[in-house]
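Residue numbers (this note's numbering), protein chains in the order written: chain A, 2 to 228; chain B, 2 to 228. Built from N, CA and C at the ideal position, the CB exists for glycine as well.
There are 2 protein chains.
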Amino acid sequence: METNPIKILIADDEPDIIEIISYHLLKAGFEVFSAKDGSEAIEKAQIHTPDCIILDIMMPKRNGFEVCEYLRSNKQFDKTLIVLLTALNDEESHIKGLELGGDDFVNKPISPKVLVSRISALFRRIQPSATDNKVIQVRDLTIDPSQYKTILNGVTHVLAKKEFELLFLLAAQPGRVFLRNEILSQVWGNDVIVGDRTIDVHVRKIRVKLGIECITTVKGVGYKFDY
Amino acid sequence: METNPIKILIADDEPDIIEIISYHLLKAGFEVFSAKDGSEAIEKAQIHTPDCIILDIMMPKRNGFEVCEYLRSNKQFDKTLIVLLTALNDEESHIKGLELGGDDFVNKPISPKVLVSRISALFRRIQPSATDNKVIQVRDLTIDPSQYKTILNGVTHVLAKKEFELLFLLAAQPGRVFLRNEILSQVWGNDVIVGDRTIDVHVRKIRVKLGIECITTVKGVGYKFDY
DNA sequence: GCCAAGGTTATCAAATTGTTAACTAAAAAT
DNA sequence: ATTTTTAGTTAACAATTTGATAACCTTGGC
Numbered sequence: 002m003e004t005n006p007i008k009i010l011i012a013d014d015e016p017d018i019i020e021i022i023s024y025h026l027l028k029a030g031f032e033v034f035s036a037k038d039g040s041e042a043i044e045k046a047q048i049h050t051p052d053c054i055i056l057d058i059m060m061p062k063r064n065g066f067e068v069c070e071y072l073r074s075n076k077q078f079d080k081t082l083i084v085l086l087t088a089l090n091d092e093e094s095h096i097k098g099l100e101l102g103g104d105d106f107v108n109k110p111i112s113p114k115v116l117v118s119r120i121s122a123l124f125r126r127i128q129p130s131a132t133d134n135k136v137i138q139v140r141d142l143t144i145d146p147s148q149y150k151t152i153l154n155g156v157t158h159v160l161a162k163k164e165f166e167l168l169f170l171l172a173a174q175p176g177r178v179f180l181r182n183e184i185l186s187q188v189w190g191n192d193v194i195v196g197d198r199t200i201d202v203h204v205r206k207i208r209v210k211l212g213i214e215c216i217t218t219v220k221g222v223g224y225k226f227d228y
Numbered sequence: 002m003e004t005n006p007i008k009i010l011i012a013d014d015e016p017d018i019i020e021i022i023s024y025h026l027l028k029a030g031f032e033v034f035s036a037k038d039g040s041e042a043i044e045k046a047q048i049h050t051p052d053c054i055i056l057d058i059m060m061p062k063r064n065g066f067e068v069c070e071y072l073r074s075n076k077q078f079d080k081t082l083i084v085l086l087t088a089l090n091d092e093e094s095h096i097k098g099l100e101l102g103g104d105d106f107v108n109k110p111i112s113p114k115v116l117v118s119r120i121s122a123l124f125r126r127i128q129p130s131a132t133d134n135k136v137i138q139v140r141d142l143t144i145d146p147s148q149y150k151t152i153l154n155g156v157t158h159v160l161a162k163k164e165f166e167l168l169f170l171l172a173a174q175p176g177r178v179f180l181r182n183e184i185l186s187q188v189w190g191n192d193v194i195v196g197d198r199t200i201d202v203h204v205r206k207i208r209v210k211l212g213i214e215c216i217t218t219v220k221g222v223g224y225k226f227d228y
């Protein structure tokens, strides 16, 4: 899976702030852009479509509130996190910032580490859960657990639940041999007791339905996905 | 869709804090539960499965960090927002709280209005699809949630509320299989207990009313929209 | 040939879903 | 206020699909 780095734009009129925060963001693995005022922030945002924008509220040209409002009126930045940063420590600004669509509001002075930590927490929350089912793609075979769907060469093959789960288990680690015991505990669960031939029968059904040799028998050991 | 109020659990050993924050949360339309220590927080969390938990860090029995860690080790609370609240104002706690899985970390004293505002911002961010009422258009089928209206091939079909909500849920992510549990919690809500056949009956009504094969059964798993 | 391991098939039981009708509660109409 | 309509739910039963097993077959090694 393609793992482009997460892009963050930081807009502040104090070069020192930009420098120190950029440093910490880079160290945390983000890709960083910067802007020195509100207008530049909008320009850079349009160019790079960052995943997160850190906005100082008091900036020349256009202040943070204005930039935030502009971004939120644009569908392009729907999913862009906005972190507002300010030396003002008043309740009104705080609430205003959040109501304009800010995702976080942080008072200066702020430890760069804490800021990075907060941003990471936001990303963690909005990212689709890591436990989400992942699509397996091998040559012309697609196995999609979120749809319980197996597509071979453009044709959808409908597998029953157990068949699908068995295939998915094996295909998740192509080449690896799964012992019969492993297969039983993963697909059937630990407390279920089924007979010796059950796995074989299911393997057969998969072979028949897909019509390809994708599950290899390893005699005396188990089965592996090999395609 | 499901319009049950958002549930928030607040855990703090100072009754005054609970009272004032509860007041503001209730005023903002949330349903509020409270706990006076860490153990009670966990109990109440298990009973009510709140959408957000506000945890004071310094509490008797189990402190906020411990509760946070416990919640995060439980899949049941995957999607539960955790806001950590503390009078300690040190960088280490702040980072620790976020790394343990907290979604926000707020220093006391905090204006209740600001706190509510922050929580609302978090919900706004994580529930983008829950609030957006987008029209779904697939071939000659239009599903318009703003009007609770389904148009197939120019003809308007009137679906009842639950029928419509079920169809909309599935159609919002075509192809994706929704487990029966997911459907129940999305359309009927977490607290409602309905019988096994209820979903089937509603699916049938949709099928009959629309007269097309748009909902596919995935036996042993759930249903998906496929048209 | 004999044995062990796996393959194949048919069959039956169990699980799951589909269908219909009836009941209840709420909303709308009279 | 009463009746009528509608939506939602449930129960009972039918239909279907899936899963498991037994029985038998095939293959390869010794």
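Inset, instruction - Determine whether the Cβ of D104(B) lies closer than 8 Å to any Cβ atom of chain A. - result: yes
Inset, instruction - Answer with buried or exposed for I48(A), where buried requires no fewer than 16 other C-beta atoms within 10 angstroms of its C-beta. - result: exposed
Inset, instruction - Quick one: grab the DSSP three-state call for S35(A). - result: strand
Inset, instruction - Name the two residues that bound the continuous alpha helix (DSSP H) containing Y24(A). - result: 16-28
Inset, instruction - Going by CA-CA distance only, name the one from F124(B), I200(B), I58(B), K135(B) that's closest to L89(B). - result: I58(B)
Inset, instruction - Identify, in the order they occur along the chain, each residue of the same chain with its Cβ nearer than 7 Å to the Cβ of V219(B), setting aside the five sequence neighbours on each side. - result: V178, K225
Inset, instruction - Give me the Cα-Cα distance between L171(B) and I9(B), rounded to the nearest whole angstrom. - result: Per the coordinates, the alpha-carbon of L171(B) lies some 28 Å from the alpha-carbon of I9(B).
Inset, instruction - Check each residue of the segment 166-191 of chain B: if its Cβ is closer than 8 Å to any Cβ of chain A, include it; give the result in chain order. - result: G176, R177, V178
Inset, instruction - Measure how close the beta-carbons of I19(A) and S35(A) come, nearest whole angstrom, since I'm counting them as under 8 Å. - result: 5 Å
Inset, instruction - Could you round the C-beta distance between V115(A) and H95(B) to whole angstroms and report it? I think they count as a contact, below 8 Å. - result: That belief holds up - the Cβ atoms of V115(A) and H95(B) are roughly 5 Å apart, short of 8 Å.
Inset, instruction - Any chance you could list the beta strand (DSSP E) runs of at least 3 consecutive residues sitting entirely within the segment 66-97 of chain B, in chain order? - result: 82-87
Legend entry - Unbroken beta strand (DSSP E) run spanning D57(A), endpoints: 53-57
Legend entry - Exposure of T132(B), with buried meaning 16 or more beta-carbon neighbours within 10 Å: Because T132(B) carries a pLDDT of 40, less than 50, the predicted location of this residue cannot be relied on, and the following value inherits that uncertainty. Exposed, by the Cβ-count rule.
Inset, instruction - With a threshold of 16 other CB atoms inside 10 Å of the CB of S130(B), please say whether the residue is buried or exposed. - result: Low confidence applies to S130(B): its pLDDT is 46, below 50, so where it sits in the model is not reliable, and the reading given next is rough at best. S130(B) comes out exposed.
Legend entry - For T199(B), three-class secondary structure by DSSP: helix
Inset, instruction - Return yes when the Cβ of L168(B) is within less than 8 Å of the Cβ of L160(B), no when it is not. - result: yes
Inset, instruction - Just tell me which of L82(B), G102(B), N182(B), A122(B) has its CA closest to the CA of G196(B). - result: N182(B)
Inset, instruction - Give the straight-line distance between the Cα atoms of I21(A) and K28(A), rounded to the nearest whole angstrom. - result: 11 Å
Legend entry - Neighbour list for K114(B) in chain A, Cβ cutoff strictly below 7 Å: K114(B) reaches chain A at E92, I96, counting residues in chain order whose Cβ is nearer than 7 Å.
Legend entry - Three-state secondary structure assigned by DSSP to L153(A): It is a strand residue.
Inset, instruction - Just the chain B side, please: which residues come within less than 7 Å of L101(A) by C-beta, in chain order? - result: None at all; the shortest Cβ gap to chain B is about 10 Å.
Legend entry - Neighbourhood of R119(A) by C-beta distance below 8 Å, restricted to the same chain and skipping five residues each side: V84, D105, V107
Legend entry - Chain-order list of residues whose beta-carbon lies under 6 Å from that of K45(A) (same chain, five-residue window excluded): L10, F34, A36
Legend entry - Beta-ladder partner(s) of Y224(B), from DSSP: F179(B), T218(B)
Legend entry - Residue-level contact to chain A via CB, A46(B), 8 Å cutoff: no
Inset, instruction - Compare the C-beta of A122(B) with all C-beta atoms of chain A and state if any pair is closer than 8 Å. - result: yes
Legend entry - Continuous beta strand (DSSP E) stretch holding A12(B): start and end: 8-12
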